[in-house]
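Asks:
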Amino acid sequence: MQESISWNGEELSIETGNWAKQAHGSVVYRHGKLVLLATVCAEKEAREGQEFFPLTVDYREKTYAVGKFPGGYIKRENRPAEHETLISRLIDRPIRPLFPEGYFCEVQLLVTVLSADPEKTMEGHAITAASAALAASDIPFLGPVAGVVVGRKDGAFVADPDTSVIEEGELELVVAGTKDAVMMIEGAAKEVSPEYFIEAIDFAHQKIKEKIVAQERLAAKLNLKKREVHLRKPDEELRAAVREFALEKLRQANRTPNKQERGDAIDQVNKAALDFVREKLANDTSRDLDASLREIKGYLHELEYIVVRDLIFGEGVRADGRKTDEIRDISTELDVLPAAHGSAVFTRGQTQSLGVVTLGTGDDYQRIEFLSGEHQKNFMLHYNFPPFSTGEVKRMMGPGRREIGHGNLAERALRAVVPSKVDFPYVIRIVSEILESNGSSSMASVCSGSMAMMAAGVPVKGQVAGIAMGLIMGDNGKYVILSDIAGLEDHFGDMDFKVAGTEKGITAFQLDIKVAGLSVAILRDALAQADRGRMHILGKMNEAISAARPAVPENAPLVMTMQISPDRIGELIGPGGKIIRSIIERSKAELNVEDDGTVTIAAINKDRAEHAKRLIEELFREVEVGQTYTGVVKRITDFGAFVELFPGKDGLLHISKMSKNRIQSVKEVMDIGTEVTVAVLGVDSLGRVNLILKDLADSMPPGSFDGGREERGGDREHRGGRGGGRGGDRGRRH
Numbered sequence: 001m002q003e004s005i006s007w008n009g010e011e012l013s014i015e016t017g018n019w020a021k022q023a024h025g026s027v028v029y030r031h032g033k034l035v036l037l038a039t040v041c042a043e044k045e046a047r048e049g050q051e052f053f054p055l056t057v058d059y060r061e062k063t064y065a066v067g068k069f070p071g072g073y074i075k076r077e078n079r080p081a082e083h084e085t086l087i088s089r090l091i092d093r094p095i096r097p098l099f100p101e102g103y104f105c106e107v108q109l110l111v112t113v114l115s116a117d118p119e120k121t122m123e124g125h126a127i128t129a130a131s132a133a134l135a136a137s138d139i140p141f142l143g144p145v146a147g148v149v150v151g152r153k154d155g156a157f158v159a160d161p162d163t164s165v166i167e168e169g170e171l172e173l174v175v176a177g178t179k180d181a182v183m184m185i186e187g188a189a190k191e192v193s194p195e196y197f198i199e200a201i202d203f204a205h206q207k208i209k210e211k212i213v214a215q216e217r218l219a220a221k222l223n224l225k226k227r228e229v230h231l232r233k234p235d236e237e238l239r240a241a242v243r244e245f246a247l248e249k250l251r252q253a254n255r256t257p258n259k260q261e262r263g264d265a266i267d268q269v270n271k272a273a274l275d276f277v278r279e280k281l282a283n284d285t286s287r288d289l290d291a292s293l294r295e296i297k298g299y300l301h302e303l304e305y306i307v308v309r310d311l312i313f314g315e316g317v318r319a320d321g322r323k324t325d326e327i328r329d330i331s332t333e334l335d336v337l338p339a340a341h342g343s344a345v346f347t348r349g350q351t352q353s354l355g356v357v358t359l360g361t362g363d364d365y366q367r368i369e370f371l372s373g374e375h376q377k378n379f380m381l382h383y384n385f386p387p388f389s390t391g392e393v394k395r396m397m398g399p400g401r402r403e404i405g406h407g408n409l410a411e412r413a414l415r416a417v418v419p420s421k422v423d424f425p426y427v428i429r430i431v432s433e434i435l436e437s438n439g440s441s442s443m444a445s446v447c448s449g450s451m452a453m454m455a456a457g458v459p460v461k462g463q464v465a466g467i468a469m470g471l472i473m474g475d476n477g478k479y480v481i482l483s484d485i486a487g488l489e490d491h492f493g494d495m496d497f498k499v500a501g502t503e504k505g506i507t508a509f510q511l512d513i514k515v516a517g518l519s520v521a522i523l524r525d526a527l528a529q530a531d532r533g534r535m536h537i538l539g540k541m542n543e544a545i546s547a548a549r550p551a552v553p554e555n556a557p558l559v560m561t562m563q564i565s566p567d568r569i570g571e572l573i574g575p576g577g578k579i580i581r582s583i584i585e586r587s588k589a590e591l592n593v594e595d596d597g598t599v600t601i602a603a604i605n606k607d608r609a610e611h612a613k614r615l616i617e618e619l620f621r622e623v624e625v626g627q628t629y630t631g632v633v634k635r636i637t638d639f640g641a642f643v644e645l646f647p648g649k650d651g652l653l654h655i656s657k658m659s660k661n662r663i664q665s666v667k668e669v670m671d672i673g674t675e676v677t678v679a680v681l682g683v684d685s686l687g688r689v690n691l692i693l694k695d696l697a698d699s700m701p702p703g704s705f706d707g708g709r710e711e712r713g714g715d716r717e718h719r720g721g722r723g724g725g726r727g728g729d730r731g732r733r734h
């Protein structure tokens with residue numbers, strides 16, 4: 001069974017019933033060369049005591065999808081790459097809120113790329129395929145949803161564009177939603193206005209509706225009866241008792257501004273409520289005490305949800321005493337780590353990020369394997385969230401999906417202001433160490449990373465700040481937007497909308513919601529309030545540092561670039577890498593040569609870097625007839641000596657041009673390693689250089705330097721002027 005629509009001039013089809021038939025829902029999603037297999041399975045019953053919705057989403061790319069072998073020794077796909085984890089999160093976020101409330105059966109959703117067009121963006125299709133698998137199943141789901149990637153080309157928005165449009169354009173936006181509302185937003189931009197951003201979202205939502213049509217048609221054809229959701233019926237008598245005992249106590253506890261003190265106060269109320277119920281039910285044999293105590297925890301959570309939201313709606317005050325648009329106190333510190341290239345601490349309320357910048361050279365690029373080929377990253381941000389940041393004891397492991405996602409968002413926010421490799425030829429790594437967390441830690445990472453780059457002398461285009469916005473939805477369409485949400489408001493609120501940018505405009509954004517979609521009007525209000533908040537934060541950051549320092553620190557490597565013709569890269573490398581190794585040994589610098597002829601020179605000090613640059617310049621110098629050079633004898637033959645004038649360029653000093661008097665052997669006047677001053681007598685049609693000692697040249701009559709005369713003495717062994725053919729790995733550091 002199949003449904004299709006026309007999408008970007010090609011058929012987009014969704015088919016079910018042929019592949020993966022034992023899955024509870026499966027579709028084959030096709031568009032051009034792209035083929036995705038999306039499958040979903042769900043347990044029939046929730047596990048005993050399950051108190052949350054266990055949804056797992058995995059997006060995986062197979063290398064055979066583009067006719068390639070996997071990299072590495074075992075030649076098999078292994079753990080998911082970082083970009084696969086990020087797309088998994090993009091699929092999860094708009095789908096998770098659309099499962100029925102209280103549905104706790106475990107669900108596993110897999111999207112596999114079987115065939116791919118590396119020139120096409122993937123995220124929007126992956127989200128749509130995942131939703132289609134749910135639409136083609138009996139699993140309860142309040143969708144469908146669809147996703148699109150939005151770029152901009154020739155002044156117009158484009159849905160699911162080629163990757164080149166994203167790479168060369170000013171916008172990369174992923175939007176997912178239902179036909180009625182937006183569910184998820186993520187992306188980056190080059191300092192765009194809020195109005196521009198809203199236009200892009202509105203365009204995306206119109207395109208989303210087109211993709212949803214095919215899913216709705218397919219679901220109507222299948223006409224599957226969805227499973228019944230067996231929700232646990234609350235014990236109303238017990239719920240009422242807990243409410244009467246704990247509600248006012250929780251109201252008072254939630255007015256405590258400090259996170260730890262508030263948490264302790266709430267824990268005391270909860271413990272007292274459990275003791276109260278335990279005593280109340282001590283002689284009640286009709287109830288399972290352990291099950292009742294588990295239920296009570298849920299009722300207490302419901303009460304806290306009510307208390308937090310009532311406080312905001314009823315009094316316009318938040319748990320920590322702030323107004324709805326008020327930002328927590330901000331403090332900043334610079335140069336806190338003396339051995340680091342750049343460091344800054346950004347503190348906002350009880351959220352604190354240490355940003356540390358390290359500047360590297362060409363060998364420090366991160367090499368990433370995509371279906372489209374290998375890419376090199378010269379800018380990266382890594383986010384660490386240790387357990388002590390929330391006062392907890394947890395096992396220390398590698399970065400999870402949350403850390404990868406938060407780091408990626410902060411990286412994209414800052415990438416818009418990072419200079420080009422031509423202007424700043426360093427590899428830049430930022431690490432955000434979250435020292436303390438009470439909400440908005442990814443946006444604190446943006447702020448600390450921005451200041452740390454300025455402190456490290458990175459010539460960024462401007463300061464970048466980030467802010468997280470929240471939302472509390474009420475009855476009859478009423479809502480309250482919150483600026484700079486804390487952890488409590490993130491947990492009990494309906495939206496987490498992160499916005500980062502400079503004074504000129506937005507550079508990154510991410511929207512997660514817990515309700516069945518948001519209107520464009522709410523998003524417009526949230527953006528306007530976020531804009532004001534961002535400007536306030538930028539003002540605080542600029543008080544500490546408002547522009548990049550004029551130079552990188554002394555302990556950073558010195559990196560410079562120069563350009564040579566791509567056709568002459570082989571001359572720099574030399575046979576077997578001989579020439580480039582010679583330059584490295586003589587200058588004590590490191591060289592990296594790109595295929596476009598960009599040569600990156602890295603050294604521990606300026607003298608070494610300049611020495612390497614001079615040697616390269618000398619290598620590509622052309623000898624001039626009549627000019628004088630001081631060189632070194634590199635090889636001796638019966639008929640003369642070969643003198644290296646500069647690296648890769650030598651000439652023949654014939655035995656007859658060594659002395660006014662006749663000599664029998666070259667070694668009578670010089671040996672290998674002897675430094676001699678010579679003049680260029682001529683260059684023949686093959687580029688071979690003929691030399692004469694300067695003392696003899698000074699006594700020659702005008703017109704003697706005629707260019708190409710051959711000396712007697714038989715066949716000459718001559719290297720020529722350019723050090724041989726091309727050789728070596730051009731893109732490798734030596």
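All residue numbers for the sequence shown refer to UniProt numbering, where the first residue is 1 and numbers rise by one.
Glycine is no exception: its CB is placed at the ideal position from the N, C-alpha and C atoms.
All of these numbers come straight from a predicted model, not from anything done at the bench.
Quick check on DSSP: helix, strand or coil for E43?
Replies: The count along the sequence shown starts at 1 and reaches residue 43 at position 43. It is coil, neither helix nor strand.
Asks: Should I139 and V40 be called a contact, given that it needs their Cβ atoms to be closer than 8 Å?
Replies: Working through the sequence shown from its first residue, we reach residue 139 at position 139. Working through the sequence shown from its first residue, we reach residue 40 at position 40. Yes, the pair counts as a contact, with Cβ atoms nearer than the cut-off.
Asks: Just to confirm, is the Cβ distance from A486 to G533 under 8 Å?
Replies: Counted from its first residue, the sequence shown places residue 486 at position 486. Counted from its first residue, the sequence shown places residue 533 at position 533. Not a contact, by the Cβ cut-off of 8 Å.
Asks: Using a Cβ-Cβ cut-off of 8 Å (strictly less than) and excluding sequence neighbours within five positions of E543, which residues of its own chain qualify?
Replies: Stepping through the sequence shown from its first residue, residue 543 is reached at position 543. Closer than 8 Å at the Cβ level, and outside the excluded window around E543, lie T332.
Asks: If contact is defined by three or more beta carbon pairs under 8 Å, each pair taking one atom from either stretch, is the region 455-462 in contact with the region 392-401?
Replies: Flag = no, the region 392-401 and the region 455-462 do not touch.
Asks: Anyone know if the C-beta pair for V464 and V446 falls short of 8 Å?
Replies: Within the sequence shown, numbered from 1, the residue matching residue 464 stands at position 464. Within the sequence shown, numbered from 1, the residue matching residue 446 stands at position 446. Cβ distance < 8 Å, so V464 and V446 count as in contact.
Asks: Could you spell out where the alpha helix (DSSP H) holding Y29 opens and where it closes?
Replies: Along the sequence shown, read from residue 1 onward, the residue named residue 29 stands at position 29. Element bounds for Y29: not the alpha helix (DSSP H) but the beta strand (DSSP E), 25-31.
Asks: Give me, in chain order, the residues of the same chain whose beta-carbon lies closer than 6 Å to that of F385; leave out the 5 immediate sequence neighbours on both sides.
Replies: Translated into the one-based positions of the sequence shown, residue 385 becomes position 385. E403, I434.
Asks: Around the C-beta of residue 784, are 16 or more other C-beta atoms found within 10 angstroms, so that it is buried, or is it exposed?
Replies: Any question about residue 784 goes unanswered here, given that the chain covers just 1 to 734.
Asks: Distance, Cα to Cα, K377 vs M562?
Replies: By one-based count along the sequence shown, residue 377 stands at place 377. By one-based count along the sequence shown, residue 562 stands at place 562. Their Cα atoms are separated by approximately 20 Å.
Asks: Return the CA-CA distance between A589 and L337, expressed in angstroms with no decimal places.
Replies: Walking along the sequence shown from the start, residue 589 turns up at place 589. Walking along the sequence shown from the start, residue 337 turns up at place 337. Distance between the alpha carbons of A589 and L337 is about 27 Å.
Asks: Measuring CB atoms only, is the region 200-219 touching the region 67-84, in the sense that at least three cross pairs come out at less than 8 Å?
Replies: No contact exists between the region 200-219 and the region 67-84.
Asks: Run through DSSP, which three-state label would H230 get?
Replies: Numbered from its first residue, the sequence shown carries residue 230 at position 230. It is coil, neither helix nor strand.
Asks: What does the Cβ neighbour count give for G400, buried or exposed, with the cut at 16 atoms within 10 Å?
Replies: The residue given as residue 400 occupies position 400 in the sequence shown. Under this definition G400 is an exposed residue.
Asks: Please report the distance separating the alpha-carbon of M1 from that of V213.
Replies: Your numbering for residue 1 matches position 1 in the sequence shown. Your numbering for residue 213 matches position 213 in the sequence shown. Cα to Cα, the separation comes out at about 15 Å.
Asks: Indicate whether the contact test is met: 3 or more Cβ pairs, each with one atom in the region 317-325 and one in the region 256-276, closer than 8 Å.
Replies: Judged by Cβ distances under 8 Å, the region 317-325 makes contact with the region 256-276, as three or more pairs qualify.
Asks: Closest to N18 by C-alpha separation, out of W7, T128, A38, would be which residue?
Replies: Along the sequence shown, one-based indexing puts residue 18 at 18. Out of W7, T128, A38, A38 has the C-alpha closest to the C-alpha of N18.
Asks: Tell me, please, whether the region 555-570 touches the region 420-434 by the rule of three or more beta-carbon pairs shorter than 8 Å.
Replies: These segments touch.
Asks: Could you tell me the distance, in whole angstroms, from the CA atom of residue 762 to the CA atom of L311?
Replies: The structure shown does not extend to residue 762, since the chain is modelled only from 1 through 734, so no value can be given for it.
Asks: Starting from T56, trace the beta strand (DSSP E) in both directions and tell me its first and last residue.
Replies: Here the question's residue 56 lines up with position 56 in the sequence shown. That run of the beta strand (DSSP E) goes 55-61.
Asks: Please state whether DSSP places L171 in a helix, a strand or coil.
Replies: One-based indexing of the sequence shown puts residue 171 at position 171. Strand.
Asks: Under the criterion of a Cβ to heavy atom distance below 7 Å, does P425 qualify as lining the ligand GDP?
Replies: Ligands are entirely absent from the displayed structure, and the ligand GDP is therefore not among its contents.
Asks: So, are the CB atoms of V632 and V680 less than 8 Å apart?
Replies: In the sequence shown, the residue the question calls residue 632 occupies position 632. In the sequence shown, the residue the question calls residue 680 occupies position 680. Taking 8 Å as the Cβ cut-off, V632 and V680 do not qualify as a contacting pair.
Asks: On a Cα-Cα basis, can you pick out the residue from T637, Y629, K694 that is closest to M658?
Replies: Position 658 of the sequence shown, counted from the start, is the residue given in the question as residue 658. The option with the nearest alpha carbon to M658 is K694.
Asks: Span of the beta strand (DSSP E) holding Q366?
Replies: Here residue 366 refers to the residue found at position 366 of the sequence shown. Segment 366-370, the beta strand (DSSP E) holding Q366.
Asks: Here's the rule I'm using: 16 or more other beta-carbon atoms within 10 Å means buried, otherwise exposed. How should P161 be labelled?
Replies: In the sequence shown, counting from the first residue as 1, residue 161 sits at position 161. By the neighbour-count rule (16 or more Cβ atoms within 10 Å), P161 is buried.
Asks: Give the single residue among V669, E618, L619, L250 whose Cα lies nearest to the Cα of A641.
Replies: Within the sequence shown, the letter at position 641 stands for residue 641. Of the candidates V669, E618, L619, L250, the one whose C-alpha sits nearest the C-alpha of A641 is V669.
Asks: Determine the direct distance from the alpha carbon of V269 to that of Q50, and round the result to whole angstroms.
Replies: Within the sequence shown, the letter at position 50 stands for residue 50. Within the sequence shown, the letter at position 269 stands for residue 269. Cα-Cα distance, rounded: 23 Å.
Asks: Relative to the C-alpha of S372, which residue among L55, K649, K62 is closest?
Replies: The residue you call residue 372 lines up with position 372 of the sequence shown. Among L55, K649, K62, the Cα nearest to that of S372 belongs to K62.
Asks: What first and last residue would you give for the alpha helix (DSSP H) that runs through V480?
Replies: Within the sequence shown, residue 480 is the residue found at index 480, counting from 1. From DSSP, V480 is part of no alpha helix (DSSP H) but of the beta strand (DSSP E) over 479-483.
Asks: With 16 other CB atoms within 10 Å as the buried threshold, where does K209 fall?
Replies: Within the sequence shown, the letter at position 209 stands for residue 209. Exposed.
Asks: Please list, in chain order, all residues of the same chain as M380 whose beta carbon is under 6 Å from its beta carbon, the five residues on each side excluded.
Replies: Counting from 1 along the sequence shown, the entry for residue 380 is found at position 380. Counting only Cβ-Cβ distances below 6 Å, and skipping sequence neighbours, we find Q366, R429.
Asks: Tell me whether Y59 is buried or exposed, calling it buried when 16 or more other Cβ atoms sit within 10 Å of its Cβ.
Replies: Counting from one through the sequence shown, the residue named residue 59 turns up at place 59. The residue is buried, with at least 16 neighbouring Cβ atoms inside 10 Å.
Asks: Just list the residues that DSSP pairs H382 with in beta bridges.
Replies: What you label residue 382 is simply residue 382 of the sequence shown in a count that begins at 1. V431.
Asks: If you drop the 5 nearest sequence neighbours on each side, which residues of the same chain put their C-beta closer than 7 Å to that of R287?
Replies: Here residue 287 is taken as the residue at index 287 of the sequence shown, counted from 1. Cβ neighbours of R287 beyond the five flanking positions: L281.
Asks: Between the region 161-176 and the region 140-152, do three or more beta carbon pairs fall short of 8 Å?
Replies: The region 161-176 vs the region 140-152: in contact.
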